[in-house]
Amino acid sequence: MRIAVLDDDPVQAGLTCKILNTAGHVCHPFSNAGEMLQQLRRDSCDMLILDWQTAGASGPEVMRWAREKMLPKLPVLFITSHSSEDDIIEALAAGADEYMIKPIRRSELVARVQALLRRAYPSQNATERIQFGRYVFETRSAQLTFDGTPIALTHKEFNLALLFFRNLGRPLSRVTILESVWSGNSEIPSRSMDTHVSRVRSKLQLHPENGFRLAPVYSYGYCLEQVSV
Numbered sequence: 000m001r002i003a004v005l006d007d008d009p010v011q012a013g014l015t016c017k018i019l020n021t022a023g024h025v026c027h028p029f030s031n032a033g034e035m036l037q038q039l040r041r042d043s044c045d046m047l048i049l050d051w052q053t054a055g056a057s058g059p060e061v062m063r064w065a066r067e068k069m070l071p072k073l074p075v076l077f078i079t080s081h082s083s084e085d086d087i088i089e090a091l092a093a094g095a096d097e098y099m100i101k102p103i104r105r106s107e108l109v110a111r112v113q114a115l116l117r118r119a120y121p122s123q124n125a126t127e128r129i130q131f132g133r134y135v136f137e138t139r140s141a142q143l144t145f146d147g148t149p150i151a152l153t154h155k156e157f158n159l160a161l162l163f164f165r166n167l168g169r170p171l172s173r174v175t176i177l178e179s180v181w182s183g184n185s186e187i188p189s190r191s192m193d194t195h196v197s198r199v200r201s202k203l204q205l206h207p208e209n210g211f212r213l214a215p216v217y218s219y220g221y222c223l224e225q226v227s228v
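Each residue of the sequence shown is one higher than the last, beginning at 0 in numbering that gives the first Met the number 0.
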C-alpha cells in the first residue's frame, strides 16, 4: 500500500518510512504540509500518517483536505508528541482513526497500520478469491479466470491486472504502477510498462463489450473503468 507520512522532523518521517517500507509498503516522507498536498494533487495514496503541528498546515487540516478531495474514508494515523488526554480526544473527534505517541515502537506501528488498512480496504486483504464481474482472482495461486476459463498470465501481469481491478475507476500514475508492480525499480523502461499493460488488456479482453475498459490517462498513467454493456 502507498502511505504518505508528514512529520516536521525529517528524521522521524524517515524512520517511520523505513519501518513501513520494510513491512512491504511504499512510503513517502514529507516535512512540509504544502509539499505533501502538492504531491497528493498529482498522485493519491492509500493512507496518511500525520503529525499534529507541521509547517504549512496542521495535521487535522491536511486530513480534512485529503478526505474531501481523495477518499472520504481514507485511513489516518496521527503520530505526535502531544500526549494529553485532551489532545487525543481532539484528534479522534477531528476524524483520526488512530493515535500514537512518540517515541513509536516498531512492532506497534506496523500492527496499527496493518489493522487500519484491513478495515479500510477489506477486499484488498482477502487471501484467496476476489471477484470482479466475470473475472475471478485467486490470490494465493496467482490464477485468474474469465467466465470460469483460466487466463495464462505471468506473475507481473497478474499483479498488474489485480492492481487495476483493486483501483477500479481510479486513475493510477505511472509512478504508482512502477512502485506497486516493479517495486519502484526506476530502471524499468517506460515501454516495458506499456507492453505489460497492453498484454493485460489483450489477455483479459478489457473491452466495453466485457464491461470494462483499460485506457491511458494522458501524461499520467492508466485507468480501468467499468462500463455499461
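Even for Gly, the Cβ is constructed at its ideal location relative to N, Cα and C.
Because the structure is a prediction, the values reported are computed rather than measured.
Asked	Found
Boundaries (first-last residue) of the beta strand (DSSP E) holding G220	220-225
Contact set for T79: own chain, Cβ-Cβ below 6 Å, skip 5 residues either direction	D50, W51
Extent of the continuous alpha helix (DSSP H) to which C44 belongs	First-last for C44: undefined, no H or E at that position.
Residues that A3 bridges to, as DSSP identifies them	H27, L47
Test item: CB-CB of L203 and R212 under 8 Å	no
Contained alpha helix (DSSP H) runs [length at least 4] in the stretch 118-206, N- to C-terminal order	154-165, 173-180, 189-202
Beta-carbon proximity list for G132, same chain, < 6 Å, skipping 5 on both sides	G210
Anticipated Cβ contact below 8 Å, V180 with N158, distance rounded	5 Å
Option nearest L171 by Cα separation, candidates V135, P215, E156, S197	P215
Per DSSP, the bridge partner or partners of P9	Looking at the DSSP assignment, P9 forms no beta bridge with any residue, so it has no partner.
DSSP-derived helix/strand/coil call for Y74	One point to set straight first is that residue 74 is Pro, not Tyr, in the sequence displayed. Note: P74 maps to coil in three-state DSSP.
Residues that I87 bridges to, as DSSP identifies them	Its beta-bridge partners do not exist; DSSP assigns none.
Beta-carbon proximity check, V266 vs T15, cutoff 8 Å	Outside the shown range of the chain (0 to 228) lies residue 266, about which nothing can therefore be said.
Any 3 or more C-beta pairs closer than 8 Å across the stretch 48-67 and the stretch 92-106	yes
CA nearest to the CA of P149, picked from L161, F136, K155	F136
Unbroken alpha helix (DSSP H) run spanning P229, endpoints	Nothing can be reported for residue 229, as the shown portion of the chain is limited to 0 through 228.
Endpoints, beta strand (DSSP E) assigned at Q97	According to the sequence shown, residue 97 is Glu rather than Gln. Segment 97-100, the beta strand (DSSP E) holding E97.
Residue environment, A90, which counts as buried when at least 16 other CB atoms sit within 10 Å	buried
Option nearest D7 by Cα separation, candidates E34, L19, M0, L152	E34
Inter-residue Cα distance where the pair is R118 and K68	20 Å
Buried/exposed call for H154, threshold 16 Cβ in 10 Å	exposed
Cβ-Cβ separation, N31 to A12 (assumed contact under 8 Å), whole Å	The pair is not a contact, with the Cβ atoms about 10 Å apart (cut-off 8 Å).
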